[in-house]
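Q:
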Amino acid sequence: MKEKLLLIPGPSPVHPRIIHALAQPTVSHVGPEMVEELPKALANLKKIVFCERGEAFIIAGAGTLAMEMALLNTVAPGDKVLVVSQGYFGRRMAEICQSFGLDHELLESSWGSAVTPDELKKRLAIRDFQAVISTHVDTATGACAPIHEYADALENRNALFILDGVCATGGVEERMDDWGIDVILTAAQKCFGAPPGLALLILSERAMEKRRRMKQIPAYYSDLLRWLPIMKEPARYFSTPCVNEIRAFYESTLIVLEEGLEKRFLRHQRSARAIREGLEALGFSLSTEKRFLADTLSVIGYPDGVEDKRFRALYSENGVVVAGGLADTAGRVFRMGHMGNLSSSQIDFALNALEQTLKTIGYDFEPGAARRAAKAILGN
Ligand code: PMP
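Per the numbering used here, the sequence shown starts with residue 983, numbered consecutively.
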């Protein structure tokens, strides 16, 4: 099977070390390997979001389960929720609120932009909320919200701050304790570069207290208080954890921490810049507002003469898989992920394959321009 470079905005390419961990024989979910590795994976997850206090959870499921669990475990009947959205996944959060009959309001920006801290402050001045939820990076629009400033706007308020970090955690800074984030929900398949299949949550002490005060919630598998004893003592049973994925995720956290968080965040910034300057050198445009550009993916507009479906099909034949636009942007843009453990040589391969693709299409460009622009940023 010919392996293609997966540059969709998640799942991202899985490092051979992580594949190797995934491919180990399945072990007992209550056996010594899990007893040793699950707590280490949880401790690493907390380190990655700069959380010293609070509790971490690793549960079989995807990011959407983590979104649902964050809400069900921290929002009580009668609470008012503010969903701050810059696109597709904020809307999804509002839909989940609706599914569970939670009283919520949506504060939304246009696509490609993000809600400003001032807009958030204005809304907070009008009404009291018990929870404020925001998406860090919206995977449909490529916009990164100013999370630190949102957190500042929420300081000294009673609202819990819940962050969807699915397309950011492990690639973009999220300082849970320092900034005052109460819940980070995320998933394994994006900036961790692990295979899909895990919902990840980290809750502050304040968020855990809230869960305890709520007593019964309308959830069983999604009830974090049922999972807490397993996270503390994996030899106990509640529901079978997916052991192979957990071992693979653990390996991914080791890679993150070996690289070092500051270095990793800087590498994500550099990769984003290199890819964007490469694409711009070929006549592509960025569809996200400059001040909100995310480090983890780019949403890229086509120049005249490059048609979406044909471009993506040929690019895939040349070894690189990218994603199409979502909703209104379908056909007008493509989305390229640059997160996880992507190396400079993989970026160079992707830009070379892109130039080959444009040549086949008959698009006029300066050969080598993209690779040169990227190399100037990445070095050799
Ligand atoms: N939130 C964000 C920001 C995402 O990018 C995604 C996945 N693209 C999700 C939530 C949902 O995650 P999943 O597809 O794993 O359910």
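Just so it is clear, CB atoms sit at the ideal spot from N, CA and C, and this is done for glycine as well.
Please confirm if the segment 1143-1153 is in contact with the segment 1167-1174, defined as three or more CB-CB distances below 8 Å between the two stretches.
A: yes
Q: Have a look at I1199, H1011, D1159, L1275 and flag the residue whose alpha-carbon is nearest the alpha-carbon of E1187.
A: D1159
Q: Would you mind working out which of L1248, V1288, F1247 sits nearest S1267, comparing C-alpha positions?
A: V1288
Q: K984 to E1090, Cα distance in whole Å?
A: 42 Å
Q: Out of E1299, K1103, S1204, point me to the one whose CA is closest to A1042's CA.
A: S1204
Q: What is the residue span of the alpha helix (DSSP H) that G1072 lies within?
A: G1072: member of the alpha helix (DSSP H) spanning 1070-1081, first to last residue.
Q: In the DSSP assignment, what residue or residues form a beta bridge with T1168?
A: Secondary-structure assignment with DSSP links T1168 through a beta bridge to L1182.
Q: Thinking A1276 and A1356 are a contact (beta carbons under 8 Å), I'd like their distance in whole angstroms, please.
A: The Cβ separation is near 18 Å, so there is no contact.
Q: In three-state terms, what does DSSP make of G1260?
A: helix
Q: Whole angstroms is fine: what's the gap from F1071's alpha carbon to R1208's?
A: When only Cα atoms are considered, F1071 and R1208 end up about 27 Å apart.
Q: So what does DSSP say about S1363, is it helix, strand or coil?
A: This structure cannot settle anything about residue 1363, because the visible part of the chain is limited to 983 through 1362.
Q: Would you say P1285 and L1020 are within 9 Å of each other, going by their C-beta atoms?
A: no
Q: Looking at the ligand PMP, does it come within less than 8 Å of T1046, judged from the CB to the closest heavy atom?
A: Distances from the CB of T1046 to the heavy atoms of the ligand PMP include at least one below 8 Å.
Q: Is the separation between the beta-carbon of L1004 and that of P1177 shorter than 9 Å?
A: yes
Q: Which residue marks the beginning of the alpha helix (DSSP H) containing I1359, and which one marks its end?
A: 1351-1360
Q: Excluding the five sequence neighbours on either side, which residues of its own chain have a C-beta within less than 8 Å of the C-beta of A1135, listed in chain order?
A: Same-chain partners within the cutoff: P1099, L1102, K1103, L1106.
Q: Please classify N1140 as buried or exposed, where buried requires at least 16 neighbouring CB atoms within 10 angstroms.
A: exposed
Q: Spell out a yes or no on whether the segment 986-1005 and the segment 1302-1318 are touching, meaning 3 or more CB-CB pairs, one atom from each, closer than 8 Å.
A: The segment 986-1005, when compared against the segment 1302-1318, does touch it at the 8 Å Cβ threshold.
Q: Using DSSP's beta-bridge definition, name the partner residues of K1062.
A: D1085
Q: Give, in chain order, every unbroken run of the beta strand (DSSP E) that is at least 3 residues long and sits entirely within the segment 1228-1312.
A: Counting only runs of 3 or more, we get 1279-1283.
Q: Looking at C-alpha atoms only, which residue of I1166, V1225, V1097 is the closest neighbour of K1028?
A: I1166
Q: Compute the minimum distance between the beta carbon of A1042 and the heavy atoms of the ligand PMP, and state whether it is under 8 Å.
A: no
Q: Report yes if the C-beta of A1003 is less than 8 Å from at least one heavy atom of the ligand PMP; otherwise report no.
A: no
Q: So, are the CB atoms of N1026 and T1235 less than 9 Å apart?
A: yes
Q: With DSSP run on the structure shown, which of helix, strand or coil describes D1146?
A: strand
Q: I need the straight-line Cα distance from K1226 to V1012, nearest angstrom please.
A: The sequence shown places Asn at residue 1226, rather than the Lys named in the question. Those two C-alpha atoms are separated by around 13 Å.
Q: Would you say the beta carbon of T1117 comes nearer than 8 Å to a heavy atom of the ligand PMP?
A: yes
Q: Across which residues does DSSP place L987 in a beta bridge pair?
A: DSSP, once it has assigned bridges, lists V1302 as partnering L987.
Q: Any idea if D1164 is buried or exposed, counting beta-carbon neighbours within 10 angstroms, 16 or more meaning buried?
A: Per the 10 Å Cβ criterion, buried.
Q: Measuring alpha carbon to alpha carbon, tell me which residue in F1111, C1149, S1116, A1181 is nearest P1059.
A: The closest CA to that of P1059, considering only F1111, C1149, S1116, A1181, is found on F1111.
Q: What does DSSP give as the partner residue(s) for C1126 in the beta ladder?
A: DSSP lists V1119 as the bridge partner or partners of C1126.
Q: Assign E1191 to one of two classes, buried (16 or more other C-beta atoms within 10 Å of its C-beta) or exposed (fewer than that).
A: exposed
Q: I need the straight-line Cα distance from P1007 to R1314, nearest angstrom please.
A: 44 Å
Q: With a threshold of 16 other CB atoms inside 10 Å of the CB of S1327, please say whether the residue is buried or exposed.
A: S1327 comes out exposed.
Q: Residues bridged to S1067 by DSSP?
A: E1090
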